[in-house]
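Position 65 (the sequence shown) corresponds to 552 in my numbering; numbering is contiguous. These notes are about the structure you will find just below.
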Amino acid sequence: MDRRDEQLQAARKALQAGDHAGALAIAEDLLAADAGDGDALYVAAVAARYAGKAGAAADHLAALHRAMPEYGRAWQEAGHLAVARNRPADAIAAFSRAVRFNPALEASWRELARLQAAAGLTAEARAASAQRERIGALPRELLAVTNHLHEGRLLRAEEICRHYLRARPQETEGMRLLAQIGIRLGVLDDAEFLLESAVAFAPEDIQLRLDYIDALRRRQKFERSREEAEALYARDPDNPLFQSHLAIESLQTGDYDRAFELFDRVLKALPHDPATLTSRGHALKTMGRQADAVESYRAAFTAKPDHGDAFYALANLKTYRFTDEEMAAMREQAARPELAFMDRVHIAFALGKGHEDRGEYAESFAHYREGNDLKRAQTRYSADAMTAELARQREACTADLFARHEGDGHRAPDPIFILGLPRAGSTLLEQILASHSQIDGTLELPNILSLAHRLRGRKASASRYPDILHDLTAEQLAKFGEQYIADTRIHRQGAPFFIDKMPNNFRHIGLIHLILPNATIIDARREPMDCCFSGFKQLFAEGQEFTYGLEEIGRYYADYVDLMQHWDEVLPGRVLRVSHEDVLDDLEGQTRRMLDHIGLPFEEQCLAFHETKRAVRTASSEQVRQPITRAGQGAWRPYEEWLDPLKAALQS
């Protein structure tokens, strides 16, 4: 145990013994060494409250919220502090956030029930009381699992949960929790199996069914997830929750008419529901109905002025310009200290875009930086860990490995992998190629990433991948390739070739080559400053944690270039590199070059890609529906005075 841990343990013991001043003094010593130490900030906040130092407690909590914005216990402590200061409305808001981030906090549910009842919120108080009773009835092992799960200690949560289930293999709440752990660890096949089994044991448990639908969707088993949503809907066709889930699953299977019909039914019952209005806007955007999408997003934040998701959705159209009134509304919400974390993140990125469009670059960068800082604190991304992970690919994936397996794998030529970094022009390449009569556009498919997760094994601290590639047999490699083709068939419309546009697949080119040696691989490359700064400005739905810092994204780009050079050396000629700038300079020439590489004849329609009618779900959806443009080139230059960390990382 190091000195920091010894001090922290001493502070906790002092707190338990009622020595609040002593606990506070030790915690503040720790904070003098590291002002962002979340454990020390929590102890300091609790100790300060008990010591009657409300102002100091509030300061420590504010710092803790910045360092760990989704730490449920921090919000529970904020609720206790608000009660001590006789601020019941603030307490209700804080306890509500606490249980949103960690639903196992029994004290928060108890206080919510008490405070809501006192405020005349009878229905809400009853619901909170029911949740408190449910938590109180949980076996202590599952309560511990829930706490560890929601506080990020996934391996400890998994250990306790597996031990509990060994003695009670049909305990459905334990199965559900283990599935949630699996989802967070990326072990989606295990999560699906657990939930499928749990639903069989407890078919009337609605939460299990909703979790099962979520797991199926994450595995992109959209037909199955829709079937499950249909079954729920059949139970009660007038239930807005079931209507909403079926609408979302219908979107995934391309049944937009059904989805819009269901969204309209939800909105008939709940005409101002911001989540439904926003989801409907996303669907309209995907279909290219931009004006209708804008109307739906505006209705969402009109109904709920702090609904940051809708503001950011407008910014993420890339072609939308905020009005003066909308800019003022966002600034007003951003100034509210109680604004929810993700609403704050969304509005920060939206304000960054709004000021950028007005040429107000200092204000724009300040908001982009705020949004990125918040997300980086949430994700705790490690650039060192990513560098080490990519280095392991270079060490394991040698020319000898590929020579030994020459002729192995599944021989299908169908997949066209477009990979690289996000915001590198890959959506444009996809739209060009998907305009060809012999090529289907699909999605950013997770199948290769999921296979890599499975190959890592169960011990996150001792990953077997990519070294395990040396142990795989020819039969296993062929089976993995066949499974990829089978699992992705649902996304195709019948053309002989299809595109998988998952950018992160560049990390796994060795695996792709071994299981699908005849697949096409295209590296979408963009000028580093343009690519990295565009990623910094983008708030991604999930993943891509490396984008939330200038140094982090610069290092990632440099590591990506190094790894791509390795693939070129050990698999010469296997990857076709297509520069975004070359596409802008010579659209026809680069289009012919890609089609030649795939082995297809040129078609004029590829040059009129913006006229192709298809669903596009990435951030570039509106841009690729317009003729080719150079608007994104050099977009970083007005921000150059703030980008030294990015430049240094790219040059290191």
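Beta carbons are placed, not taken as given, at the ideal position from N, Cα and C, and that holds for glycine.
For residue i, which residues does DSSP report across the bridge?
i	result
PRO902	PHE985
GLY907	ALA1011
ASP927	PHE985
Using only CA atoms, which one of the options lies nearest to residue i?
i	options	result
ARG863	TYR784, PRO909, PHE1023 and GLY505	PHE1023
HIS759	GLN503, ALA797, ILE735 and LEU738	ALA797
ALA550	VAL570, ALA527 and GLN563	ALA527
GLN657	HIS637, ASP871, SER684 and PHE788	SER684
GLN970	GLU1127, GLN503, TRP1129 and ASN934	ASN934
GLU521	ASP492, LYS540 and TRP596	The question names Glu, yet the displayed sequence has Asp at residue 521. It is ASP492.
HIS1097	LEU920, LEU757 and ALA721	LEU920
ARG619	ASN634, LEU592 and THR633	LEU592
GLU1015	LEU1137, ALA689, ASP1131 and ILE986	Residue identity check: residue 1015 is Pro in the sequence provided, not Glu. Ranking LEU1137, ALA689, ASP1131 and ILE986 by Cα distance to PRO1015 puts LEU1137 first.
ILE622	ILE670, LYS966, LEU804 and PRO590	PRO590
GLN1031	LEU1001, ASN859, SER922 and ALA1011	ASN859
ARG856	SER1021, LEU1082, ILE693 and ALA543	SER1021
PHE729	MET1081, ARG704 and ARG696	ARG696
ALA1140	ILE977, LEU599, ILE670 and VAL1048	Because the chain is modelled from 488 through 1139, residue 1140 falls outside the range shown and cannot be assessed.
THR1034	SER869, ALA617 and LEU877	SER869
VAL832	LEU681, LEU641, ALA612 and ALA853	ALA853
THR806	ALA532, ALA1118 and ASP489	ALA1118
ALA1045	ALA878, THR975 and LEU964	ALA878
PRO690	ASP744, GLU715 and GLU736	GLU715
Helix, strand or coil for residue i per DSSP?
i	result
ARG1064	strand
ILE1115	coil
THR1105	Legend: pLDDT at THR1105 = 49, less than 50; position of this residue unreliable, value from coordinates given subsequently. DSSP places THR1105 in coil when its eight states are reduced to three.
ASP506	coil
TRP596	helix
GLY795	helix
HIS957	helix
ASP811	helix
TYR952	coil
GLU658	coil
GLU679	helix
THR633	helix
SER869	coil
ALA1135	helix
GLY912	coil
GLY1099	Note on residue identity: the sequence assigns Thr, not Gly, to residue 1099. Three-state DSSP puts THR1099 in coil, outside helix and strand.
GLN1120	coil
GLY858	helix
ARG879	helix
VAL674	coil
LEU642	helix
GLN918	helix
ASP839	It should be noted that the sequence gives Gly, not Asp, for residue 839. Looking at GLY839 - three-state DSSP - the assignment turns out to be helix.
LEU1130	coil
LEU998	helix
HIS978	helix
ASN992	helix
PRO824	coil
HIS650	helix
ASP844	helix
THR806	coil
Using a Cβ-Cβ cut-off of 8 angstroms, state whether residue i counts as contacting chain C.
i	result
ALA561	This model lacks chain C altogether; it includes just one protein chain.
What whole-angstrom Cβ distance do residue i and residue j have, given they're in contact under 8 angstroms?
i	j	result
PHE809	GLY841	4 angstroms
LEU518	LEU548	With a Cβ gap of about 13 angstroms, LEU518 and LEU548 do not count as contacting.
ALA1151	ALA498	In this structure the chain extends from 488 to 1139, so residue 1151 is not present and cannot be described.
LEU652	ALA644	The pair is not a contact, with the Cβ atoms about 12 angstroms apart (cut-off 8 angstroms).
ASP901	PHE1027	Not quite, the Cβ-Cβ distance comes to about 28 angstroms (not below 8 angstroms), so this is no contact.
ASP927	ALA982	4 angstroms
ILE579	GLN563	Incorrect: roughly 12 angstroms between the Cβ atoms, too far for contact.
PRO824	HIS794	That belief does not hold up - the Cβ atoms of PRO824 and HIS794 are roughly 18 angstroms apart, past 8 angstroms.
ILE972	ALA899	5 angstroms
LEU675	ARG706	5 angstroms
ARG655	ASP698	At roughly 19 angstroms, the Cβ-Cβ gap does not stay under 8 angstroms, so ARG655 and ASP698 are not in contact.
LEU1063	ILE1008	7 angstroms
Worksheet item: Residue ranges of each alpha helix (DSSP H) run of no fewer than 4 residues wholly in the segment 692-776, ordered along the chain?
Response: 693-705, 709-722, 727-739, 743-756 and 761-773
Item to complete: Any chance you could list the beta strand (DSSP E) runs of at least 3 consecutive residues sitting entirely within the segment 1015-1084, in chain order?
Response: 1062-1066
Discussion item. Suppose only complete runs of 4+ residues qualify. What are the alpha helix (DSSP H) ranges in the segment 518-604, listed by chain order?
Written reply: 525-537, 541-554, 559-571 and 575-588
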